[in-house]
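The structure appears below as structure tokens.
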Amino acid sequence: MALASPQIKAVCVEANEFTYLSNQFRVRGVPHTVINRRASFVGALPEPDFVEAVLEGAGVVTQHPHDTPAGPTTEIAAS
Amino acid sequence: MAVIPESVRQQLKDRFDTVLSGPVKLTLYTRPGSSRLILPAGLGCPTCEDARQMAELLRDAAPEKITLDVVDASRDAARMEIDEVTDVPTIAVASDGEIGRIRFQGLPTGTEFPALIDAVERVSRAEHGLSQESLDALAKLTEPTEVMVFATPT
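For the record, the sequence lines run as chains A and B.
In my numbering, each number is its position in the first sequence, counted from 1, plus 342.
In my numbering, each number is its position in the second sequence, counted from 1, plus 870.
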């Protein structure tokens, strides 16, 4: 994805090695994806859903690529 | 990781020979004199030495295409800040002339190692593998966006 958009920086973090980050983002299972350090989702999503979750997490309003009732459940942190 | 078997080196060499096309710049952000001792934050780096071996393994598999730049976090704080790298070891993968936007923070062992090799190959071939729909959607991103994926070796 970072290859497809010059705006994206992709960081793969070893969860066990950086426990302070795992704790900060409440990582309980992997893969756990955090967008702009505020929105997150757990699990491997199919490509369209992953892209949508990233856009949603980045604050870009999106239309669902297919008519799933819920779409990916991106959790936006309160703060 | 003590010694990387010769068979693995050869396997990687053979693979890179056929798969890589353009140049790839690897940057390893590290701290020297790393020991396996657990030291107070900011001092120790138990996995830096292994990360260096891993980055060198990749470069040595295709030295004509892959370059390796090593940044010492303890001496070059300015560079760490410019490249926005907060922790060591971090391996960044980039095509020539840009700051690597694909990063592996921590030692990329287990399932992360194939992902690192994949990243090197994709950067070299400028091959993102995404659909046109995804590209159109991602074009809406106008601000820098960080996608952080937590993974474990198993």
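No residue lacks a Cβ here, since even glycine has one placed at the ideal position from N, Cα and C.
Fair warning: this is a prediction, and the values are worked out from it, not measured in the lab.
Below 8 Å between beta carbons is the criterion; list the residues of the region 356-370 of chain A that meet it against any residue of chain B, in chain order. GLU356, ALA357, ASN358, GLU359, PHE360, LEU363, SER364, PHE367 and VAL369
I'd like to know whether the C-beta of GLY401/A is nearer than 9 Å to at least one C-beta of chain B. yes
May I ask whether a heavy atom of the ligand GDP can be found less than 8 Å away from the beta carbon of ARG973/B? In the structure on display, the ligand GDP does not appear, and there are no ligands present to speak of.
Extent of the continuous beta strand (DSSP E) run through ALA962/B: 960-965
Going by DSSP, what residues sit across from ARG973/B in a beta bridge? VAL353/A and ALA962/B
Distance cutoff 9 Å, beta carbons only. Does LEU397/A sit that close to anything in chain B? yes
Within the region 875-940 of chain B, note down every full alpha helix (DSSP H) run reaching 4 residues or more, in order along the chain. 876-889 and 918-931
CB contact flag (GLU394/A, ALA1009/B, <9 Å): no
Determine contact between the region 947-964 of chain B and the region 896-903 of chain B, defined as no fewer than three beta-carbon pairs at a distance below 8 Å. yes
Quick check: the Cα distance between ALA402/A and LEU1011/B, rounded to an integer number of angstroms? Per the sequence shown, residue 402/A should be read as Val rather than Ala. Taking the straight line from one Cα to the other gives about 7 Å.
Would SER347/A be called buried (16 or more neighbouring beta carbons within 10 Å of its own) or exposed? buried
Quick check: the region 367-386 of chain A against the region 986-1006 of chain B, are there 3 or more CB pairs under 8 Å? no
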